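Peer 1: In the working numbering, the protein residues as written are 393 to 521.
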Ligand code: I3P
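This is the structure we're talking about:
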């Protein structure tokens, strides 16, 4: 079973619990998308970042096996700070090997900085096997 196994020893162990961040997907499969910022509940797992549009409570319920979420596989992904892709401050960009690009942003710098560091650590641990 490849569904969400939160808090267990499975591959989807939660590393950083959810928080609302502003998210915009700006490219899919290398094709540029129209930017649309939305507040999204974000959860970092051992090999992917999960996005939930709904409330925290629903997101937590949906983390159960068979739950519904939208996610990014962090294996091979690149995470970096960007000042060019947005007029907003505190923006990080995640680019996947298959050409998906996401921006994450928070007005509070320590919030987004914490996510940047945690995601980077996860990406690094995946590449080092
Ligand atoms: C976009 C919207 C985004 C803005 C983007 C605009 O306009 O204002 O908030 O991104 O700028 O194109 P629209 O709603 O008409 O699509 P930022 O807030 O990140 O600057 P961009 O085209 O320079 O990315």
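Here a beta-carbon is modelled for each residue, glycine too, at the ideal position from N, C-alpha and C. The structure presented is a predicted model; accordingly, all values stated were derived computationally and were not measured.
#1: Which residues in the same chain have their Cβ closer than 8 Å to the Cβ of residue 413, if we skip the five residues on either side of it in sequence?
#2: Since residue 514 contacts residue 425 with CB under 8 Å, what's their CB separation in whole angstroms?
#3: Does DSSP put residue 513 in a helix, in a strand, or in coil?
#4: Answer yes or no: do residue 416 and residue 427 have a C-beta to C-beta separation smaller than 7 Å?
#5: I need the DSSP call for residue 503, collapsed to helix, strand or coil.
#6: Rounded to whole angstroms, how far is the Cβ of residue 471 from the Cβ of residue 511, which I believe are closer than 8 Å?
#7: Tell me which residues share the same chain as residue 491 and place their Cβ nearer than 7 Å to its Cβ, disregarding the 5 neighbours each side in the sequence.
#8: Should residue 476 go down as buried or exposed, given a rule of 16 or more other Cβ atoms within 10 Å for buried?
Peer 2: Answer, in terms of the structure:
#1: 431, 432, 434, 496, 497, 498, 503, 504 and 507
#2: Not a contact, Cβ separation roughly 24 Å.
#3: helix
#4: yes
#5: helix
#6: 5 Å
#7: 419, 421 and 422
#8: exposed
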